[in-house]
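Colleague:
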Amino acid sequence: MDLIPDRSDYGDRSLSADDLQPDPLRLFEEWLGYAVEQGVAEANAVCLSTIGLDGCPDSRVVLLKGIEQQAVRFYTNYGSSKARQMAENPLAAMVMWWEPLKRQVRFRGRIEMVEQEISQEYFSTRPRESQLGAWASRQSEPIPDREVLQERLKRMDEKFPDSVPRPDFWGGYRLKPFEMEFWQGRTSRLHDRFRYRLQEDGTWSVQRLMP
Numbered sequence: 093m094d095l096i097p098d099r100s101d102y103g104d105r106s107l108s109a110d111d112l113q114p115d116p117l118r119l120f121e122e123w124l125g126y127a128v129e130q131g132v133a134e135a136n137a138v139c140l141s142t143i144g145l146d147g148c149p150d151s152r153v154v155l156l157k158g159i160e161q162q163a164v165r166f167y168t169n170y171g172s173s174k175a176r177q178m179a180e181n182p183l184a185a186m187v188m189w190w191e192p193l194k195r196q197v198r199f200r201g202r203i204e205m206v207e208q209e210i211s212q213e214y215f216s217t218r219p220r221e222s223q224l225g226a227w228a229s230r231q232s233e234p235i236p237d238r239e240v241l242q243e244r245l246k247r248m249d250e251k252f253p254d255s256v257p258r259p260d261f262w263g264g265y266r267l268k269p270f271e272m273e274f275w276q277g278r279t280s281r282l283h284d285r286f287r288y289r290l291q292e293d294g295t296w297s298v299q300r301l302m303p
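In this text, residue positions in the sequence shown follow this note's numbering: the first is 93, and each later residue adds one.
(1) Just the C-alpha distance for S232 and Q212, rounded to the nearest angstrom, thanks.
(2) Of the choices R118, L193, L224, D284, whose alpha-carbon is the least far from that of E129?
(3) Leaving out five residues on either side along the sequence, give the residues of the same chain with a beta carbon under 6 Å from the beta carbon of W227.
(4) Assuming Y288 contacts I203 under a Cβ cut-off of 8 Å, what Cβ separation, rounded to an integer in Å, is found between them?
(5) Looking at the strands, I want to know which residues DSSP matches up with Q299.
(6) Identify every residue that forms a DSSP beta bridge with T168.
(7) Taking the alpha-carbon positions, what's the F215 to V187 distance?
(8) Among the candidates S280, R195, R230, whose CA atom is the shortest distance from the CA of A127?
(9) To test your reading of the DSSP string, which unbroken alpha helix (DSSP H) runs of 4 or more residues are found completely within the stretch 203 to 251?
(10) Under 8 Å by Cβ, that's how I've got L155 and N136 pegged, so tell me the actual separation to the nearest angstrom.
(11) Considering only their Cβ atoms, is the gap separating L301 from E285 smaller than 8 Å?
(12) I need the DSSP call for A135, collapsed to helix, strand or coil.
(13) Could you give the residue range of the beta strand (DSSP E) that holds S151?
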């Protein structure tokens, strides 16, 4: 199938050195907050890329659930494919794309497990159905049909008639970036790009890149 070339105009929004901050995570907070204000659907959705046990890159979309001083945070099943991959190789990448704003943010960094108390605090805020779903799903394991999953959910609902405890196989991870890039679409494909790199003294260097 041949795809029709996209000739859409990226608009006149710009990104200059004057718009930057010394810490890229603070700029990311600004950009994410603006995306939420503008009504971008699933503004916290991010493509997480890890390295498979076979050495091949593997990607999937997850939802960011927190921005820390030096990291971003998400949650998953510790037995999932991505969790096993991150345990084997803690280096990972992320990319966020906000199409209505023609903005992209890239991360490269190292994965760490989140402290159990933080995972517990977040799990307690989830809707009951999501809490039960964490128990019911043996993430990434094959099943013959959806009925198997529905039956497991029913059993978990009966097992926990009141509050639902956090499974010991479910919790959070953080990605601590050592490189971030901010991209703003521009007319004529002459986009604005700035790349941050973490230095040994904890400060960030920043460079403008060719589009």
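Using N, Cα and C, we set each Cβ at its ideal position, and we do this for glycine too.
Modeller: The short version:
(1) 23 Å
(2) L193
(3) M248, P259
(4) That pair is no contact at about 19 Å.
(5) R287
(6) G263
(7) 25 Å
(8) R195
(9) 208 to 215, 220 to 228, 238 to 251
(10) 5 Å
(11) It is worth fixing the name first, because residue 285 is Arg in this sequence and not Glu. The answer is yes: Cβ separation under 8 Å.
(12) coil
(13) 149 to 155
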